[in-house]
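Working notes, beginning with the structure itself.
2 protein chains.
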Amino acid sequence: MAKTKLSGFPEFLPGERIVERRVLRSLSRTFELHGFASIETRALEPMASLARKGEIDKEVYVVRRIHAAEGEPAEFGLHFDLTVPFARYVLENAGFLEFPFRRYQIQKAWRGERPQEGRFREFLQADVDIVGQGELAAHHDIELPLVMLDALGRLHDDFGIPQVKMRVNNRKLSEGFYRGLGVDDPMAVLQRVDKLDKVGPEVVAKLLVDDLGMSAAAADACLALAKIKTEDTSFVEQVRALGVENELLDQGLSELATVVEAIAEQAPGRIVADLSVARGLDYYTGTVYETEMETLEHLGSICSGGRYDSLASDGKHTYPGVGLSIGVSRILVPLLNKGILHSSRVVPTCVLVAVDNEQTRRDSIRIATRLRERGISAEVAPAASKYGKQIKYADRRGIPFVWFGNSVKDIRSGEQVEADPLTWTPPSADLEPAVKAVGVVE
Amino acid sequence: MAKTKLSGFPEFLPGERIVERRVLRSLSRTFELHGFASIETRALEPMASLARKGEIDKEVYVVRRIHAAEGEPAEFGLHFDLTVPFARYVLENAGFLEFPFRRYQIQKAWRGERPQEGRFREFLQADVDIVGQGELAAHHDIELPLVMLDALGRLHDDFGIPQVKMRVNNRKLSEGFYRGLGVDDPMAVLQRVDKLDKVGPEVVAKLLVDDLGMSAAAADACLALAKIKTEDTSFVEQVRALGVENELLDQGLSELATVVEAIAEQAPGRIVADLSVARGLDYYTGTVYETEMETLEHLGSICSGGRYDSLASDGKHTYPGVGLSIGVSRILVPLLNKGILHSSRVVPTCVLVAVDNEQTRRDSIRIATRLRERGISAEVAPAASKYGKQIKYADRRGIPFVWFGNSVKDIRSGEQVEADPLTWTPPSADLEPAVKAVGVVE
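What follows is the structure in structure tokens.
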């Protein structure tokens with residue numbers, strides 16, 4: 005990693021940045037193959053919209069002009085996710101968008117929280133959402149996780165990034181179950197169950213009883229629900245066996261069964277119904293998703309989201325949607341830090357054109373130009389130094405080929421062949437830096 | 005343009021964003037063909053580094069955590085260019101970089117200045133620099149503008165963005181000339197000559213005489229120098245004819261002649277020696293560049309930069325370099341605003357797969373999957389509505405093809421042919437949205 009002195013603001017060295025760009029290109033390509041349009045929004049949002057959601061306002065970076073008047077209230081902050089700006093964008097531009105609107109957005113976001121592994125103050129997210137005007141069909145709850153599993157599966161196939169497992173639940177299921185137990189404030193239960201991974205079942209049971217006045221039996225039922233994890237629709241039976249009856253629960257069970265069945269068919273082995281998935285934020289209203297990398301589960305969810313009935317609303321319409329967000333920094337920073345993800349070179353250059361002496365530099369430039377016209381990245385040696393030194397220049401950067409006059413040398417094998425810049429082509433594997441996971445993913 | 009309510013923070017509608025992404029892809033590709041490595045730096049820099057350069061500190065956006073202690077000094081601001089963060093990056097990572105270091109950087113920057121045409125509070129820049137450790141050869145002053153002319157030329161060829169003309173000067177030439185006239189503070193002269201375009205020669209002459217105490221004859225000589233514009237090296241004679249003698253002037257003339265001759269040969273018609281080019285910032289020490297789009301000169305320079313002897317310096321080394329920066333927002337926002345640059349569709353989708361009824365949606369999904377596997381962007385109709393309505397869904401987005409069962413229809417021509425998703429391929433021009441300048445560029 006680059007030696008930035010500002011904790012929580014990761015920066016990449018050039019070779020690492022090649023890895024990042026390749027991953028982002030792959031993600032964008034998958035999203036576009038599925039018909040999602042890219043948007044970008046400005047970095048700043050009004051404080052009023054940033055401060056709205058629960059406790060998040062604690063972490064906002066406030067922005068003001070250095071010459072703002074003394075005591076002038078801070079109007080703007082850096083966005084802390086891509087959902088708040090997307091909601092504003094949809095409302096402001098609804099008249100110019102076609103609904104259902106399929107968008108992806110890959111941008112940095114900022115949070116002033118204490119940095120720790122997998123959490124940063126500046127980080128990159130890749131979001132996809134489908135938003136309807138007034139209504140949005142249920143089948144998009146199946147489509148969107150499949151888009152993300154396709155995107156993450158390509159990262160696995162192409163770069164060796166660990167495979168993922170997506171865990172899915174449904175808010176109606178949990179809420180209906182809690183209501184069936186006689187709970188008035190199901191969100192309060194959900195927030196405590198959400199801590200299960202961190203504090204364990206005993207503490208959660210105690211919180212449910214002490215904070216919310218639940219009976220020990222009801223608390224146990226909540227924990228029993230959260231323990232249910234199945235790769236098929238057999239979770240339905242297991243929930244029924246807990247003996248709770250509620251209409252919303254029925255609806256949630258049915259919705260989740262449809263989603264799990266379809267995803268299990270189209271992406272076998274990548275999905276599990278996990279009734280402990282809660283998602284902290286309060287705007288989800290149906291299906292919710294979390295995703296871990298296999299063997300790297302300790303990094304937490306790297307792709308989360310869910311269904312919301314109303315992302316935003318103007319006088320005329322509400323805008324329901326379903327969205328998922330990949331934590332790109334959360335995936336890449338640890339894999340790069342540990343040297344697991346690797347680029348074969350630290351420059352895009354495929355060919356270094358050597359220079360005999362400064363008087364013939366233009367000949368070398370002409371060769372490089374010919375190569376570039378044919379899509380081969382080339383640079384001309386910066387100095388007409390000894391050939392050994394020019395080869396070393398290439399070697400230190402991982403540049404595979406050095407061009408001398410009428411021939412080109414593969415400096416890895418030492419093989420040198422006669423070549424014409426109008427026709428010579430490198431092996432396709434050498435055209436771009438090769439990006440691969442190396443070594444054991446622990 | 006998207007209806008953002010925050011002046012100076014342009015946002016794009018999806019079709020405009022397709023144009024922007026295509027332009028950025030083209031720029032990155034050219035930079036990489038020339039062997040430049042991408043880097044990105046964090047958005048925040050310490051206030052101390054942002055406040056250093058002349059008057060720029062007036063325009064900085066200050067950033068602080070919302071819960072920072074009352075009266076705690078503001079430590080960080082948003083970067084206002086990509087040069088300050090690049091200098092820091094080079095110093096912090098010098099031990100991990102190979103020099104000369106060739107980097108490009110495409111990122112947003114922020115300035116709190118009053119918005120006006122061509123100036124924004126949030127804007128996108130594309131910078132390329134070559135930086136040496138201790139020294140950097142003179143030929144890079146020729147290489148770097150050729151990289152930018154190649155990049156801008158491709159935008160012209162591929163998208164119809166207006167051709168450009170680069171104007172080039174040399175600080176040593178100006179400074180030597182002024183010193184030859186007996187001026188002690190050549191920077192003060194330069195800053196006034198820099199206003200020539202805005203206030204005209206009479207006012208500049210008056211400033212030189214009144215502010216700096218120059219003689220009328222010396223002021224006239226400065227203006228005569230600034231009037232010299234030649235597409236070849238004949239500027240040398242014209243400067244000599246002004247009768248000023250100075251060693252630094254000789255060096256500047258020789259350096260500029262070398263640069264102009266080489267660029268005129270390799271990029272004919274794209275370069276002019278223009279001795280009025282001053283560049284306001286004080287860190288340039290040799291060649292300086294500005295670039296206008298033909299027929300859109302009123303937008304000002306869209307690609308500027310120059311040579312600096314010391315971008316940064318640590319105890320052991322200085323880091324001289326040469327860099328140029330394209331004002332991407334300055335080019336794109338007016339061309340998009342006026343509807344000149346245009347995408348043939350507002351989504352990446354090439355094929356909409358129609359849905360007969362919800363029971364056969366999975367068949368449509370399978371067809372879309374087959375197409376995507378072969379690199380064809382496809383989405384499945386969101387509702388099993390009447391075929392006319394599904395065609396309208398595609399038409400409103402500019403999607404050229406709709407797939408029905410065993411056939412595919414080009415909805416522009418109405419032609420429908422039998423097709424197999426394992427073999428059918430659209431015309432290559434339809435694979436991606438077509439991005440072109442349309443209408444007269446005024």
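Here the protein sequences come in this chain order: A and B.
Quick note: the first sequence uses our numbering, first residue 5, plus one each step.
Quick note: the second sequence uses our numbering, first residue 5, plus one each step.
We put the beta carbon where it would ideally sit given N, CA and C, even for glycine.
For my contact list, residue i and residue j are in at a C-beta cut-off of 8 Å; report their separation, rounded to the angstrom.
{"i": "C354 of chain B", "j": "F405 of chain B", "result": "6 Å"}
{"i": "N463 of chain B", "j": "G184 of chain B", "result": "For residue 463 of chain B there is no data in the structure shown, the boundaries of chain B being 5 and 446."}
{"i": "A372 of chain A", "j": "V357 of chain A", "result": "5 Å"}
{"i": "L200 of chain A", "j": "V213 of chain A", "result": "In fact, because the Cβ distance is near 15 Å, the residues do not count as touching under 8 Å."}
{"i": "S329 of chain B", "j": "A130 of chain B", "result": "7 Å"}
{"i": "S308 of chain B", "j": "E294 of chain B", "result": "5 Å"}
{"i": "G12 of chain A", "j": "R125 of chain A", "result": "3 Å"}
When DSSP labels each residue in this structure, what does residue i get in the three-state scheme?
{"i": "Y287 of chain B", "result": "coil"}
{"i": "Y323 of chain A", "result": "coil"}
{"i": "L41 of chain A", "result": "A small correction: the amino acid at residue 41 of chain A is Ala; Leu does not occupy that position in the sequence shown. A41 of chain A: strand per DSSP, three-state reduction."}
{"i": "L345 of chain B", "result": "strand"}
{"i": "L82 of chain A", "result": "strand"}
{"i": "A282 of chain A", "result": "coil"}
{"i": "V292 of chain A", "result": "strand"}
{"i": "L17 of chain A", "result": "coil"}
{"i": "T34 of chain A", "result": "helix"}
{"i": "R244 of chain B", "result": "helix"}
{"i": "D133 of chain B", "result": "strand"}
{"i": "E436 of chain A", "result": "coil"}
{"i": "R334 of chain A", "result": "helix"}
{"i": "I110 of chain B", "result": "strand"}
{"i": "E76 of chain B", "result": "coil"}
State the start and end residues of the unbroken beta strand (DSSP E) segment that holds residue i.
{"i": "S308 of chain A", "result": "C307 to Y312"}
{"i": "M170 of chain B", "result": "V168 to N174"}
{"i": "V488 of chain B", "result": "The structure shown does not extend to residue 488 of chain B, since chain B is modelled only from 5 through 446, so no value can be given for it."}
{"i": "K9 of chain A", "result": "Looking at the DSSP string, K9 of chain A is not in any beta strand (DSSP E), and its letter there is neither H nor E."}
{"i": "E117 of chain B", "result": "Neither: E117 of chain B is in no beta strand (DSSP E) and is coded neither H nor E."}
{"i": "R69 of chain B", "result": "Y65 to R69"}
{"i": "F124 of chain A", "result": "Taken as a continuous stretch (DSSP letters only), F124 of chain A belongs to no beta strand (DSSP E), as it is neither H nor E."}
{"i": "F163 of chain B", "result": "Segment H144 to F163 is the alpha helix (DSSP H) holding F163 of chain B; no beta strand (DSSP E) there."}
The alpha helix (DSSP H) spanning residue i covers which residue range?
{"i": "N97 of chain B", "result": "T87 to N97"}
{"i": "I369 of chain B", "result": "R365 to E377"}
{"i": "S456 of chain A", "result": "Limits of chain A in this structure are 5 at one end and 446 at the other, which puts residue 456 of chain A out of reach."}
{"i": "E269 of chain A", "result": "E251 to Q270"}
{"i": "K54 of chain B", "result": "Correcting the residue type first, residue 54 of chain B is Leu in the shown sequence and not Lys. It spans M51 to L54 - the alpha helix (DSSP H) in which L54 of chain B sits, taken as one unbroken run."}
{"i": "A388 of chain A", "result": "Per DSSP, A388 of chain A belongs to no alpha helix (DSSP H) and is neither H nor E."}
{"i": "V203 of chain A", "result": "L200 to L216"}
{"i": "V406 of chain B", "result": "Taken as a continuous stretch (DSSP letters only), V406 of chain B belongs to no alpha helix (DSSP H), being part of the beta strand (DSSP E) at F405 to F408."}
{"i": "K231 of chain B", "result": "A220 to K231"}
What does the Cβ neighbour count give for residue i, buried or exposed, with the cut at 16 atoms within 10 Å?
{"i": "G378 of chain B", "result": "First, the amino acid is wrong: residue 378 of chain B is Arg here, not Gly. Exposed, because fewer than 16 other Cβ atoms sit within 10 Å of the Cβ of R378 of chain B."}
{"i": "G58 of chain A", "result": "Confidence in G58 of chain A is poor, its pLDDT being 48 and thus under 50, which makes the residue's placement too unreliable to answer from."}
{"i": "V384 of chain A", "result": "buried"}
{"i": "V326 of chain B", "result": "buried"}
{"i": "P324 of chain A", "result": "buried"}
{"i": "N173 of chain A", "result": "buried"}
{"i": "K112 of chain A", "result": "buried"}
{"i": "L426 of chain B", "result": "exposed"}
{"i": "R274 of chain A", "result": "buried"}
{"i": "H302 of chain A", "result": "exposed"}
{"i": "R400 of chain A", "result": "exposed"}
{"i": "R29 of chain B", "result": "exposed"}
So, for residue i: in the same chain, excluding its five sequence neighbours on each side, which residues have a beta-carbon less than 8 Å away from its beta-carbon?
{"i": "T447 of chain B", "result": "For chain B, the structure presents residues 5 to 446; residue 447 of chain B sits outside this window and is missing."}
{"i": "H321 of chain B", "result": "A98, Q137 and G138"}
{"i": "D313 of chain A", "result": "T289, G290, T322 and P324"}
{"i": "A423 of chain A", "result": "W407, N410, S411 and V412"}
Output needed for residue i: all residues of its chain with C-beta closer than 6 Å, excluding positions within five of it in sequence on either side, in chain order.
{"i": "H38 of chain B", "result": "V151"}
{"i": "G19 of chain B", "result": "S347 and V350"}
{"i": "Y93 of chain B", "result": "T45"}
Beta-carbon within less than 7 Å of residue i's beta-carbon, same chain only, minus the 5 sequence neighbours each way: which residues are those?
{"i": "I60 of chain A", "result": "Residue placement at I60 of chain A is poorly supported in this model, since its pLDDT is 48, which falls under 50; the coordinates still yield a value, given next. Answer for I60 of chain A: F84, listed in chain order."}
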